[in-house]
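Throughout, this note's numbering is defined as the position within the sequence shown, counted from one, plus 730. Glycine is no exception: its CB is placed at the ideal position from the N, C-alpha and C atoms. Only a predicted model underlies this, so the values are computations on that prediction, with no experimental measurement involved. Notes follow once the structure below has been shown.
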Amino acid sequence: MFLMTFFYSQHIRIIFSQCVTIHQGGIKIFFIFTGLFLCQNSKHQKPTTMLLKTTLFNIALLFCLTNSTYPQEYVHAEVYGGKQQLREFIKEELVYPEKALNENTEGTVILSFIVKSDGAIENLKVSQSVSPELDNEAMRIFNQLLWDPANYRGMQLDEEQSMEFPFKLKKYKRCAKHRGYSEINYPYTLVDQSLTIYKGHQLDERAKPIFKEKGMGFNQFIAKNLVYPEAAMKQNIRGTVEVFFVVEPSGRVSNVKVLKPVGAGCSQEAIRLIKMLKWMPGIKDGKAVRTKLILKISFNLADFEQHRYISPNNANQM
């Protein structure tokens, strides 16, 4: 009987630990009482009582298994492109403030905030400060990020989050050496500081890609640089990947997000191609501004040697 009680209690504990999403408070309580009931000393209990307890446990187990998809259905708020692209963006964008460099200031700035159901950010604040200079740099980088809201069963939700920005001098110096710059270079002297992201039709001059080879266009760039994923070739997968991104005033690409994916590595290859490009930023009122674009890249084995960039002339007109 001890073994049976242990079996019950262990399984209830494991099942209970998995019930962690927003609609499962009732499930937790249900299993607590079920566990207490089942794990009572049953030394002098009748066989019918034991049968009843076993039946109740089976019902409880079935109930939990039926609802075990809850944790997978809740998706946390996340920056466009996910954690990997966030790390890459910080490596490209972070500039150690001169005062902090001179004073050898290090530490981790933590920002707390709420991602609203529409992806907007509210209540942004520094919950762990290091210095005004490092706090401001963390804020500067954070304010460039776009977010997908938390989602539960198709319903978008508000969610509290926090983000850490570690500032380490040795690591930063290695990073700056590897990327080839310690300050952000802007093609234009005047830069819009509002962080507003504009559509193409709102601009005086649209953002334009810069190609290293003279006379090269998008079609030629894609044909030269696209690497058809091996898995996609083996499975004869084809299609068009649609990707959203922002061209920053510096000309770098940020907030890359696949809107229409194609499997077997095609989406990842489209992202790689887009991030290879350097841009001249869009211009509004004489200032370099942030610009949103959507590009489409076609994957088709039939014309692999002539992979085409599908140029959306109205890509900025979102």
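Per DSSP, what kind of secondary structure is residue i in: helix, strand or coil?
i	result
F941	coil
K929	coil
I1040	With a pLDDT of only 45 at I1040, under 50, the local geometry of the prediction cannot be trusted, and the value read off the model is given with reservation. Three-state result, I1040: strand.
K1026	strand
L1031	helix
Y804	strand
Do residue i and residue j have their C-beta atoms closer together than 9 Å?
i	j	result
F1054	F872	Outside the shown range of the chain, which is 731 to 1048, sits residue 1054, and nothing can be said about it.
N832	F843	no
I1001	V988	yes
A1018	Y911	no
I952	A961	no
D878	E808	yes
D922	K1014	yes
I914	S980	yes
A868	L841	yes
T835	L933	no
E999	P959	yes
F819	L875	yes
A994	Q965	yes
Y882	V805	yes
G945	F1029	no
Y826	Y918	no
F975	V986	yes
At least one CB of chain C closer than 9 Å to the CB of residue i: is that the case?
i	result
M885	Although the question refers to chain C, the structure presented lacks it and comprises just one protein chain.
Our contact map puts residue i next to residue j with C-beta atoms below 8 Å; I'd like the distance itself, whole angstroms only.
i	j	result
V977	G947	The pair is not a contact, with the Cβ atoms about 17 Å apart (cut-off 8 Å).
V860	V839	5 Å
L1003	I1027	6 Å
L887	G1016	Their Cβ separation, rounded to whole angstroms, is 41 Å, which puts L887 and G1016 out of contact at 8 Å.
Along the chain, which unbroken stretches of the alpha helix (DSSP H) at least 4 residues long are found entirely within the stretch 876-919? Fully enclosed alpha helix (DSSP H) runs of 4 or longer: 899-909.
Suppose only complete runs of 4+ residues qualify. What are the alpha helix (DSSP H) ranges in the stretch 817-875, listed by chain order? Assignment of alpha helix (DSSP H) within the stretch 817-875, counting only whole runs of 4 or more residues, yields 828-832, 862-872 in chain order.
4 or more residues per run - each alpha helix (DSSP H) lying fully within the stretch 952-1020: As far as the stretch 952-1020 is concerned, its whole alpha helix (DSSP H) runs of at least 4 residues are 960-964, 996-1006.
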